[in-house]
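In numbering that gives the first Met the number 0, the protein residues as written are 0 to 604. Note sheet for the following structure.
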Amino acid sequence: MSLASTPERIAALRGVMQQRGVAACIVPTADPHLSEYLPAHWTARRWLSGFTGSAGTLIVTRDFAGLWTDSRYFSQAERQLAGSGIELMKLNTPHTPEHVGWLCTKVQSGDAVACAADMLSLAAETGLRKHLAEVGARLAEDDLPALIWTARPPLPHAPVYAHPIDYAVHRRAEKLAAVRQAMVAAGATCHIVSALDEIAWVLNLRGSDVEYNPVFLSHLLIDADGATLFIDASKLDAKLTAALAADGVRVAPYAAVSDALGRLPADARLLLAPAQVSAAVAHAIPEAVERVAAAGPISAAKARKGAAELAHVREAMRRDGVALVRGARWLDDAIKPGVQLTELDVDAKLRELRAQQPGFVSESFSTIAAYAANAAMPHYSATPESFSALQPRAMLLIDSGAQYLGGTTDITRMWALGETTAEQRRDVTLVLKGVIALSRAKFPRGASGQQLDALARAPIWAAGIDYGHGTGHGVGYCLNVHEGPQSIRPPRSASHLEPLDVGMITSIEPGIYKPGRHGVRIENLAATVPASDGEFGQFLQFETLTLCPIDTRLIDRSLLDAGEIAWLDGYHATVRERLAPLLDDPADRAWLEARCAPLSLARAA
0 MSLASTPERI AALRGVMQQR GVAACIVPTA DPHLSEYLPA HWTARRWLSG FTGSAGTLIV
60 TRDFAGLWTD SRYFSQAERQ LAGSGIELMK LNTPHTPEHV GWLCTKVQSG DAVACAADML
120 SLAAETGLRK HLAEVGARLA EDDLPALIWT ARPPLPHAPV YAHPIDYAVH RRAEKLAAVR
180 QAMVAAGATC HIVSALDEIA WVLNLRGSDV EYNPVFLSHL LIDADGATLF IDASKLDAKL
240 TAALAADGVR VAPYAAVSDA LGRLPADARL LLAPAQVSAA VAHAIPEAVE RVAAAGPISA
300 AKARKGAAEL AHVREAMRRD GVALVRGARW LDDAIKPGVQ LTELDVDAKL RELRAQQPGF
360 VSESFSTIAA YAANAAMPHY SATPESFSAL QPRAMLLIDS GAQYLGGTTD ITRMWALGET
420 TAEQRRDVTL VLKGVIALSR AKFPRGASGQ QLDALARAPI WAAGIDYGHG TGHGVGYCLN
480 VHEGPQSIRP PRSASHLEPL DVGMITSIEP GIYKPGRHGV RIENLAATVP ASDGEFGQFL
540 QFETLTLCPI DTRLIDRSLL DAGEIAWLDG YHATVRERLA PLLDDPADRA WLEARCAPLS
600 LARAA
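Right, here's the structure in full:
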């Protein structure tokens with residue numbers, strides 16, 4: 000049966016629902032590891048709906064289909080869902096309930112709601128069951144989309160490789176020993192880990208099963224004497240398998256994790272994080288086994304980069320900065336009347352320049368090169384089927400990043416391609432003020448992302464403007480560009496309560512988005528470092544890691560105070576000092592010098 004269109008696929012899903020006696024089907028954006036970015040094998044929501052954004056939940060009932068997503072994707076979803084019969088449900092807006100609450104008003108007593116157990120965290124499944132039970136409905140843990148997705152892509156099969164110890168810093172055995180100490184402190188005898196970045200980090204391994212994320216499909220069961228890595232063994236060469244065995248890590252088939260959990264002895268005490276383990280994995284645990292429900296120790300350890308790791312990250316930022324400077328100068332030179340240049344050309348050029356840098360592994364996400372009004376879509380993506388040509392006017396937003404053996408980068412810059420409006424320059428300056436305000440902040444140790452979020456928003460709020468996404472996310476170390484446990488955002492999820500601690504790397508990226516007109520975002524990565532220690536305890540601050548000029552052609556200097564100008568001039572002095580020695584081309588150095596000129600001189604440049 001050919002299911003070429005979204006309406007045909009939704010109709011086929013409803014047919015299966017009717018056969019199974021199911022009133023509603025939930026299709027999350029998830030895989031058995033609860034990843035944000037997914038291998039193609041687990042992109043059922045995308046296949047069914049046609050919506051390609053990285054966040055969203057599809058619900059199909061007998062007579063309704065809706066896709067819930069956040070403000071980053073409103074414009075994209077409106078375009079991609081047009082004519083599909085799927086209604087866009089805008090999260091965190093008035094009159095749009097959260098999807099579980101909405102669903103509980105639509106199902107009736109006795110109804111079954113289907114959702115694959117390996118697409119739900121244990122915590123989410125527990126909450127969903129509770130809410131459905133309150134209205135007399137029940138959860139049927141069936142993967143209905145799999146029954147109609149006959150051309151489903153296979154599981155990825157990329158090789159796994161060692162993260163060199165010079166970059167990993169701490170040996171695998173040391174990391175596993177630290178995890179076991181945390182297990183003992185929590186009263187556990189074993190620990191199940193399904194988060195792919197946690198497994199990669201603790202084992203000093205990397206892979207490419209997920210595009211842009213150097214991770215590999217696996218589960219890890221750690222016990223007092225060793226560990227078992229559940230993985231397709233063909234991804235490991237003999238040398239790597241032997242090295243794992245030397246550190247007490249056995250290898251078992253990827254699909255064998257449930258059987259292994261089912262064989263745990265009755266006196267085992269299993270540490271698991273309910274938000275990071277799928278319901279399917281949890282269901283395999285015998286009832287006699289005590290569950291120690293708590294955040295696992297790997298996430299926090301991974302987030303706190305040590306001095307040696309931060310030194311590697313600073314070097315990765317220098318290399319990334321070199322590629323960015325060369326790319327921005329190329330862009331300045333290329334934007335001329337009559338020259339044919341598109342968003343896709345910018346994407347390709349940055350990829351080419353980054354690949355020339357030592358230690359480059361891959362991009363860290365798909366580059367967002369968004370010209371003019373396209374930038375009003377925070378996660379816009381140009382494709383060969385849909386892209387814009389660049390003109391010598393207005394602004395170009397470039398949000399891009401890379402994976403290096405010594406760190407992960409993520410940066411957003413606005414570039415003037417020609418004449419800009421006063422409104423555009425004002426909005427860029429307001430966003431810059433937000434970046435500066437948070438970058439200069441000093442805060443007591445223990446302060447959370449929720450407490451810090453308003454610092455970046457305040458200059459934007461003062462103009463009666465706001466943005467719908469978080470201000471900052473954690474960033475991995477040659478790992479996922481979005482990493483927990485910390486974030487900087489309003490109080491909408493648990494991550495906003497996580498304190499920002501020493502060694503954490505977090506993005507600072509406020510924005511302004513005006514659909515149909517323009518979008519603005521400026522993003523730096525910053526490390527949390529000590530500031531002072533005195534009568535009122537320890538205070539922390541941010542060290543800006545990202546090294547790339549901010550286009551002063553887009554700044555309305557009249558909106559900046561003396562302290563903000565001093566911060567910008569100081570930042571540009573640092574960028575110039577750290578990047579100039581790596582630029583061999585005199586034209587690149589001259590461009591950098593002009594773009595890093597003190598603001599009082601920058602207009603002439």
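Built from N, CA and C at the ideal position, the CB exists for glycine as well. As the structure is a computational prediction, the values presented were derived from the model and not from experiment.
Taking the straight line between their C-alpha atoms, what separation do you get for R13 and L80?
The count along the sequence shown starts at 1 and reaches residue 13 at position 14. The count along the sequence shown starts at 1 and reaches residue 80 at position 81. Straight-line measurement puts the Cα of L80 at about 18 Å from the Cα of R13.
Tell me which residues share the same chain as G433 and place their Cβ nearer than 6 Å to its Cβ, disregarding the 5 neighbours each side in the sequence.
As a position in the sequence shown, residue 433 is number 434, starting the count at 1. If we look at G433 and ignore the five residues flanking it on each side, its Cβ neighbours are A455, P458, I459 and P509.
Hey, out of G295, D319 and R328, whose CA is closest to G606's CA?
In the structure as shown, the chain starts at 0 and stops at 604, and residue 606 therefore has no counterpart that could be examined.
Can you give the beta carbon distance from V324 to P144, rounded, assuming they're within the 8 Å contact cut?
The residue labelled residue 324 in the question sits at position 325 within the sequence shown. The residue labelled residue 144 in the question sits at position 145 within the sequence shown. Cβ-Cβ separation between V324 and P144: approximately 45 Å, too far for a contact (criterion under 8 Å).
Closest residue to E97 among V112, L66, E342 and A462 (Cα-Cα distance):
As a position in the sequence shown, residue 97 is number 98, starting the count at 1. Taking only the C-alpha atoms, the option nearest E97 is L66.
Buried or exposed (CB count within 10 angstroms, at least 16 for buried), N523:
Here the question's residue 523 lines up with position 524 in the sequence shown. By the neighbour-count definition (other C-beta atoms within 10 Å, threshold 16), N523 is a buried residue.
What first and last residue would you give for the alpha helix (DSSP H) that runs through P391?
By 1-based counting over the sequence shown, the position of residue 391 is 392. In the DSSP annotation of this structure, P391 is not part of any alpha helix (DSSP H), being labelled neither H nor E.
For M118, the three-state DSSP class (helix, strand or coil):
The residue given as residue 118 occupies position 119 in the sequence shown. Three-state DSSP puts M118 in a helix.
Whole angstroms is fine: what's the gap from D532's alpha carbon to P489's?
Position 533 of the sequence shown, counted from the start, is the residue given in the question as residue 532. Position 490 of the sequence shown, counted from the start, is the residue given in the question as residue 489. Looking at the two C-alpha atoms, the distance is approximately 28 Å.
Segment contact flag, the stretch 550-557 with the stretch 419-432, C-beta cutoff 8 Å, min 3 pairs
Yes: the two stretches touch, three or more of their Cβ pairs being nearer than 8 Å.
Is W566 helix, strand or coil when you go by DSSP?
To locate residue 566, count along the sequence shown from 1; it is residue 567. DSSP places W566 in helix when its eight states are reduced to three.
Residue environment, E542, which counts as buried when at least 16 other CB atoms sit within 10 Å
Reading the sequence shown from its first residue, position 543 is the one you call residue 542. Counting Cβ neighbours within 10 Å, E542 comes out exposed, since fewer than 16 surround it.
Exposure label - F63; buried when at least 16 CB within 10 Å
The residue labelled residue 63 in the question sits at position 64 within the sequence shown. The residue in question, F63, is exposed, as its Cβ has fewer than 16 Cβ neighbours within 10 Å.
Start and end residues, beta strand (DSSP E) containing H607
The first residue shown for the chain is 0 and the last is 604, placing residue 607 beyond what the model contains.
Is the beta carbon of H378 closer than 8 Å to that of R44?
For this step, residue 44 is matched to residue 45 along the sequence shown. For this step, residue 378 is matched to residue 379 along the sequence shown. For R44 and H378, no; Cβs fall outside 8 Å.
In whole angstroms, what is the alpha-carbon distance linking L558 and T428?
Sequence index remark: in the sequence shown, residue 558 carries index 559 (1-based). Sequence index remark: in the sequence shown, residue 428 carries index 429 (1-based). Whole-angstrom Cα-Cα distance: 7 Å.
Express the C-alpha separation of L202 and R171 in angstroms, rounding to a whole number.
Counting from one through the sequence shown, the residue named residue 171 turns up at place 172. Counting from one through the sequence shown, the residue named residue 202 turns up at place 203. C-alpha of R171 to C-alpha of L202: approximately 5 Å in a straight line.
Thinking C-alpha only, which one of A327, D560, V248 and Q537 is nearest I435?
Position 436 of the sequence shown, counted from the start, is the residue given in the question as residue 435. For I435, the nearest C-alpha among the options comes from D560.
Where does T227 land, buried or exposed, given buried means 16+ other C-beta within 10 angstroms?
As a first step, residue 227 must be located in the sequence shown, where it is residue number 228. It is buried - the Cβ of T227 has at least 16 other Cβ atoms within 10 Å.
Could you give the distance in angstroms between the alpha-carbon of A76 and the alpha-carbon of D500?
The residue given as residue 76 occupies position 77 in the sequence shown. The residue given as residue 500 occupies position 501 in the sequence shown. Roughly 36 Å between the two C-alpha positions.
Thinking C-beta only, is V250 closer than 8 Å to S193?
For the purposes of this step, residue 193 is taken as the residue at position 194 of the sequence shown. For the purposes of this step, residue 250 is taken as the residue at position 251 of the sequence shown. No, Cβ-Cβ distance for S193 and V250 is not below 8 Å.
Between which two residues does the alpha helix (DSSP H) containing E592 stretch?
Your numbering for residue 592 matches position 593 in the sequence shown. E592 -> alpha helix (DSSP H) spans P585 to R594.
Given a cut-off of 8 Å, decide if H311 and Y166 are closer than it, judged by their beta-carbon atoms.
Taking the first residue of the sequence shown as 1, we reach residue 166 at position 167. Taking the first residue of the sequence shown as 1, we reach residue 311 at position 312. The answer is yes: Cβ separation under 8 Å.
Helix, strand or coil for T42 per DSSP?
Taking the sequence shown and counting its residues from 1, one reaches residue 42 at position 43. DSSP places T42 in coil when its eight states are reduced to three.
Using a 10 Å radius around the Cβ and a threshold of 16 neighbouring Cβ atoms, would you call K301 buried or exposed?
Taking the first residue of the sequence shown as position 1, residue 301 is located at position 302. Around the beta carbon of K301, 16 or more other beta carbons sit within 10 angstroms, so the residue counts as buried.
Going by Cα to Cα distance, which pick from A593, A372 and S298 is closest to W479?
Numbered from 1 along the sequence shown, position 480 holds the residue referred to as residue 479. According to the sequence as given, residue 479 is Asn; it is not Trp. Per the Cα distances, S298.
With DSSP run on the structure shown, which of helix, strand or coil describes D465?
Numbered from 1 along the sequence shown, position 466 holds the residue referred to as residue 465. Coil.
Between the alpha carbons of V209 and F359, how many angstroms are there, rounded?
Start at 1 with the first residue of the sequence shown, and residue 209 comes out as number 210. Start at 1 with the first residue of the sequence shown, and residue 359 comes out as number 360. Cα atoms of V209 and F359: separation of roughly 17 Å, rounded to the nearest angstrom.
Which whole-angstrom value is the C-beta distance of A267 and T382, which I expect to be below 8 Å?
For this step, residue 267 is matched to residue 268 along the sequence shown. For this step, residue 382 is matched to residue 383 along the sequence shown. Your pair A267 and T382 does not check out as a contact, with CB atoms roughly 49 Å apart and the cut at 8 Å.
Would A113 and A150 qualify as a contact pair, given that the criterion is a beta-carbon distance under 8 Å?
One-based indexing of the sequence shown puts residue 113 at position 114. One-based indexing of the sequence shown puts residue 150 at position 151. In this structure, A113 lies away from A150, with their beta-carbon atoms at least 8 Å apart.
For Y253, three-class secondary structure by DSSP
Sequence index remark: in the sequence shown, residue 253 carries index 254 (1-based). Note: Y253 maps to helix in three-state DSSP.
If you drop the 5 nearest sequence neighbours on each side, which residues of the same chain put their C-beta closer than 6 Å to that of H218?
Taking the first residue of the sequence shown as 1, we reach residue 218 at position 219. S193, F229 and V256.
How many whole angstroms separate the CB atoms of T407 and G475, which I take to be in contact at a CB cut-off of 8 Å?
For the purposes of this step, residue 407 is identified with residue 408 of the sequence shown, where counting begins at 1. For the purposes of this step, residue 475 is identified with residue 476 of the sequence shown, where counting begins at 1. The distance from the Cβ of T407 to that of G475 is about 5 Å, consistent with a contact at the 8 Å cut-off.
Entirely enclosed beta strand (DSSP E) segments - the stretch 222-291, minimum 3 residues:
With a minimum length of 3 residues, the continuous beta strand (DSSP E) runs that stay inside the stretch 222-291 are 226-229, 248-251 and 268-271.
At what residue ranges does the stretch 397-463 contain a whole run of the beta strand (DSSP E), taking only runs of 3 or more?
With a minimum length of 3 residues, the continuous beta strand (DSSP E) runs that stay inside the stretch 397-463 are 401-403, 410-415 and 441-443.
Check the C-beta distance from I367 over to L343 and give it rounded, since I have them as a contact under 8 Å.
Walking along the sequence shown from the start, residue 367 turns up at place 368. Walking along the sequence shown from the start, residue 343 turns up at place 344. In this structure, I367 and L343 do not form a Cβ contact; the two beta carbons are roughly 12 Å apart against a cut-off of 8 Å.
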